[in-house]
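Sequential numbering from 228 applies to the sequence shown in this note's numbering.
Backbone N, C-alpha and C define an ideal beta-carbon position, used for all residues, glycine too.
Input: a single structure, listed below in structure tokens.
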Amino acid sequence: MTYSTPQLSQLQNWLSHVLISRGDLPEKLHTAGLRDGLTLEQCVKSTPQLPAERRVDIYAAGYVMRLVECLKGEFALLCAFMGDDVFEVFAKAYIVTLPSRSFTLHTLGKSFVSFLANTRPQGEFDDKQRAMFDVPVELARFERAKAEVLLAEGLENTPPAELVLNEFELLGGSASLNLVVPPCLRLLVSDYDLLPMVEQLESPQQENNQPYALPARETRYIALTRQNYRLITQPLTHWQADLLSHCGQAMSFEQALIHSARRQGMEPALLRARLAMWLPAAVACGLLVVERAKRPTTTTEDASHYL
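Structure, rendered in structure tokens:
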């Protein structure tokens, strides 16, 4: 039987539908055929060694496993916590449920956190059961933030003067200061004390397949940033996280102080004293960048108004 040769765009669409459709291979081929009006014989040639169906099956399996390996690389801690078999079940379901539309693998895991959150079991559970469902989502959120920090623009080309802050500038009046969070900063609020578990999962000693201790359910604030191409993870207090959230856009120190003090129910003078102790260290480790407003230079023309 003779078939017309499909256009390249038709072949691409057909193969994409075969790769990302649910079901076994016959079901995938049936779904792709209904969508694109093409048959397997039109798109793939058989050889004496391999029939067309087997060739597509090998390619489809390899495609999915390649993406699973990419997700394992980005969510290595989550994979260690879940175990390979369980992680692969969720990863494969994610790949066919929310197939990537991007040309780069950097965005493959962008929606994995929301996928895990939306597929959590619903119902009444005790604290340990609830933690078993919640902690994977928290770990995935942490690891996705790490990936975004490493890809974002960092502080490597920032002038050194913008990475140093003197506490006397804060105590002596700071209307000329702008405190700006760098593009590579990510702030996380977790319902669990996550960092001890992260340290445990990252430890090379954790290769004996022993179960991991679930973290306590406590609200924690975490900042992730990058400095000199190194990832920095910094635990925060509530008021520190609140101030950084106010500095998401360029904001003077006085504005940030007033907004944050109001939200914390704290006297601005007390918060100013706390910030004077903390902000220099925050700037030094890459949580903030200081922009000092330049004083306008008075020219002869400007001075004529006062003569």
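Distance CB(residue 512)-CB(residue 461) smaller than 8 Å: Their beta carbons are under 8 Å apart, which means residue 512 touches residue 461 by this criterion.
Among 232, 294 and 282, which residue has its Cα nearest to the Cα of residue 265? In terms of Cα proximity to residue 265, the closest of 232, 294 and 282 is 232.
My output table needs one value for residue 408: the three-state DSSP class, helix, strand or coil. DSSP, reduced to helix, strand and coil, places residue 408 outside both helices and strands of the structure shown, so it counts as coil.
Please report the straight-line C-alpha distance between residue 288 and residue 240, rounded to a whole angstrom. The alpha-carbon of residue 288 is positioned some 18 Å away from that of residue 240.
Residues in the same chain with beta-carbon distance under 6 Å from residue 314, minus the five sequence neighbours each way, listed in chain order, please. Cβ neighbours of residue 314 beyond the five flanking positions: 306.
Given a cut-off of 8 Å on the beta-carbon distance, is the pair residue 256 and residue 267 in contact? Yes, they are a contact pair.
For residue 380, does the count of other Cβ atoms within 10 angstroms reach 16, so buried, or fall short, so exposed? Residue 380 comes out exposed.
Using DSSP with H/G/I as helix, E/B as strand and the rest coil, what is residue 276? Residue state, collapsed to three classes: coil.
DSSP state of residue 185, grouped into three classes? The chain is shown from 228 up to 534; residue 185 falls before or after that span and cannot be answered.
Closest to residue 448 by CA distance: which of 246, 285, 382 and 419 is it? Of 246, 285, 382 and 419, the residue nearest in Cα terms is 419.
Extent of the continuous alpha helix (DSSP H) run through residue 490: 480-491 is the extent of the alpha helix (DSSP H) around residue 490.
With DSSP as the reference, label residue 258 as helix, strand or coil. Residue 258 falls in the helix class under three-state DSSP.
Helix, strand or coil at residue 446 [DSSP, three-state]: Secondary structure at residue 446: coil, using DSSP grouped into helix, strand and coil.
For the 8 Å Cβ check, are there 3 or more pairs between the stretch 293-300 and the stretch 313-328? In short, these stretches touch, since the Cβ pair count reaches three.
Following the continuous alpha helix (DSSP H) through residue 499, name the residue where it begins and the one where it ends. In the DSSP assignment, residue 499 falls within the unbroken alpha helix (DSSP H) covering 495-511.
Residue 363 burial status per 10 Å Cβ neighbour count (16 or more: buried): When all chains shown are included, residue 363 counts as buried.
For the beta strand (DSSP E) that contains residue 462, what are its first and last residues? Taken as a continuous stretch (DSSP letters only), the beta strand (DSSP E) holding residue 462 covers 457-463.
Going along the chain, which residues of its own chain have a beta-carbon closer than 6 Å to the beta-carbon of residue 358, five neighbours each way excluded? So the list reads 441, once near-sequence residues are dropped.
Quick one: grab the DSSP three-state call for residue 328. Three-state result, residue 328: coil.
For the beta strand (DSSP E) that residue 414 lies in, which residues bound it at each end? Where residue 414 is concerned, the enclosing beta strand (DSSP E) stretches over 413-417.
Identify the continuous alpha helix (DSSP H) that holds residue 390 and give its terminal residues. Per DSSP, residue 390 belongs to no alpha helix (DSSP H) and is neither H nor E.
Determine the DSSP secondary structure at residue 234, reduced to helix, strand or coil. In this structure, residue 234 counts as coil in the three-state DSSP scheme.
Beta-carbon proximity list for residue 453, same chain, < 6 Å, skipping 5 on both sides: Apart from the 5 residues on each side of it in sequence, residue 453 sits with its Cβ closer than 6 Å to the Cβ of 376, 381 and 411 in its chain, given in chain order.
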